[in-house]
Amino acid sequence: AQSVTQPDIHITVSEGASLELRCNYSYGATPYLFWYVQSPGQGLQLLLKYFSGDTLVQGIKGFEAEFKRSQSSFNLRKPSVHWSDAAEYFCAVEHGSSNTGKLIFGQGTTLQVKP
Amino acid sequence: ETGVTQTPRHLVMGMTNKKSLKCEQHLGHNAMYWYKQSAKKPLELMFVYNFKEQTENNSVPSRFSPECPNSSHLFLHLHTLQPEDSALYLCASSLERKETQYFGPGTRLLVL
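From first to last, the protein sequence lines are chains F and U. If you're matching positions, the first sequence starts at 3 in the working numbering and goes up one per residue. If you're matching positions, the second sequence starts at 991 in the working numbering and goes up one per residue.
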């Protein structure tokens, strides 16, 4: 069965420090990969996505992610974290050719930013 | 993304009540989705609609009844819910099912 694992439930970083949030997926075919962010009391906002092509993907708010097929990973990075980045981050995967719209989400990583 | 709206934002209901959640998208999308977000659990896909037709039902109990009268509106009718149904219910839409999904702010539901 398809699954998405975000190994870190909670991460705390200092403002200005670099950030990496991990995401691993279990899937046999080429997946579509997504990172979403959710602020308290809000819905999910898309940060970036990978469908095909360049494995390093740029997103909004200075985030980027790299697809590594050999490691089944799609880690999210930001070189310098801002206090406004504190939120919950979700990695998601969809079968690349299924056309079902069935997104599988990880359990999320809560990011806390220290001043 | 303000293109997907949900009402109400908060709802408290008893187990014998009947209520409905509404989702509206202003993006011209053709696919719409309901998700359930419970504490400490990953988001769970509940239903998928494509051009008003239901294409996925992820083994959702019959006390949740979706309705999609057109591609812009999606409802979730609730009846005889259980306390464990308390959660954030999120609606999403996409141009086509394989395209990026855009989410609404959700309805926070509490079942007493």
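Where a beta carbon is used, it is the ideal one built from N, C-alpha and C, also for glycine.
Closest in C-alpha terms to F107(F), from the list V59(F), V83(F) and L48(F), comes L48(F). In the three-state reduction of the DSSP assignment, I106(F) falls in the strand class. Taking each of P1032(U), A1021(U) and E1086(U) in turn and checking the Cα distance to S1062(U), the smallest one comes out for A1021(U). Looking at M1036(U), P1059(U), L1064(U) and E1043(U), the one whose alpha-carbon comes closest to that of P1051(U) is M1036(U).
The shortest CA-to-CA distance from N1047(U) to any of Y1023(U), P1073(U), N1007(U) and C1013(U) is the one to Y1023(U). Beta-bridge pairing by DSSP links W1024(U) to F1037(U) and C1081(U).
In this chain, the beta strand (DSSP E) harbouring H1069(U) covers H1063 to H1069.
Look at Y1023(U): its C-beta is under 8 Å from a C-beta on chain F. For N26(F), no Cβ of chain U is located within less than 8 Å of the residue's own Cβ.
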